[in-house]
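**Q** Position in the sequence shown (first residue = 1) + 6 = my numbering.
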Amino acid sequence: MPQYTEWNPEECSKIVRRDALLEEHIVEQHIDSIKEKGRTFSLYYFVKDQTYENPKKPTVLFAAGGPGQMVLASSGDNFLDMLGYRVVYFHLRGTGFSQPSKDTRFDKFLRTDYVVKDIEAIRKDFLGKRPWAAVIGHSYGAVVAQCYAHEFPDRVEKVVL
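#1: Tell me where the beta strand (DSSP E) around T118 begins and ends.
#2: For K62, does the count of other Cβ atoms within 10 angstroms reach 16, so buried, or fall short, so exposed?
#3: Rounded to whole angstroms, what's the CA-CA distance from V73 to H97? Just pull it up for me.
#4: E157 to K114, Cα distance in whole Å?
#5: Just mark L167 as buried or exposed, buried being the case when its beta carbon has 16 or more other beta carbons within 10 Å.
#6: From the DSSP output, in three-state form, read off G149 for me.
#7: On a CA-only basis, which of R136, H144, R92, T101 is nearest R117? Give me that one, please.
#8: May I ask you to report which of helix, strand or coil DSSP gives A140?
#9: Return the chain-ordered list of same chain residues with a C-beta closer than 7 Å to the C-beta of P8, the five sequence neighbours on each side being excluded.
#10: From the DSSP secondary-structure annotation, give me the bridge partner or partners of D55.
#11: G90 and T57: beta carbons closer than 8 Å?
#12: Mapping the DSSP letters down to three states, classify A155 as helix, strand or coil.
#13: Short of 8 Å in beta carbon distance, which residues of its chain neighbour D160, apart from the five on each side in sequence? Order them along the chain.
#14: What does the Cβ neighbour count give for K130, buried or exposed, with the cut at 16 atoms within 10 Å?
#15: How far does the beta strand (DSSP E) with A70 in it reach, from first residue to last?
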């Protein structure tokens, strides 16, 4: 059987840091403890904080389209990059820097219900007990946002589709 390689989180971070031009308001994270039936996934997300470190300003999550649309920190078309908001962007399992092994046995873990669990893992990692001010979904991300709000109604204040 051929050997399959996985994304190395450090390699991914170097790429994003170069693309982001080392902007100070970008925080990159990897969650390496996402486990499903004995498989471990590295989940990548980044935060654009344009609240000037004001903890009272809202934190929202953006769920991209696709499935498979990848948002980069340096992209000029991240329409949620707004002053006064802390925006969390993430790469869905199987896209961008959230790549599992290329082995097709991992494909069964690339479903919307797992994406919902991933969003909750990001919330816990970044916000702790606080809820999202909003989960904003574009295209397929609108489905993800609705599924998340249905599964965790007390963890999101608003859903924007």
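Ideal Cβ positions, reconstructed from N, Cα and C, are used throughout, including at glycine. All values derive from a computational prediction rather than experimental measurement.
**A** Short version:
#1: Unbroken run through T118 is the alpha helix (DSSP H), 118-133; no beta strand (DSSP E).
#2: The residue in question, K62, is exposed, as its Cβ has fewer than 16 Cβ neighbours within 10 Å.
#3: Before going on, a small fix: residue 73 reads as Pro here, not Val. Answer to the nearest angstrom: the Cα atoms are 10 Å apart.
#4: Roughly 20 Å between the two C-alpha positions.
#5: Under this definition L167 is an exposed residue.
#6: Checking the sequence, you will find Val at residue 149 rather than Gly. Here V149 sits in helix by DSSP.
#7: Check the Cα spacing between R117 and each of R136, H144, R92, T101: the tightest is with T101.
#8: A140: strand per DSSP, three-state reduction.
#9: No answer about P8 holds up, because its pLDDT of 44 lies below 50 and its placement is not dependable.
#10: Answer is R92.
#11: Result yes, Cβ atoms of G90 and T57 sit closer than 8 Å.
#12: Three-state DSSP puts A155 in a helix.
#13: Here the set comprises P137.
#14: For K130, the number of other beta carbons within 10 angstroms of its own is below 16, and it is reported as exposed.
#15: Per DSSP, A70 belongs to no beta strand (DSSP E) and is neither H nor E.
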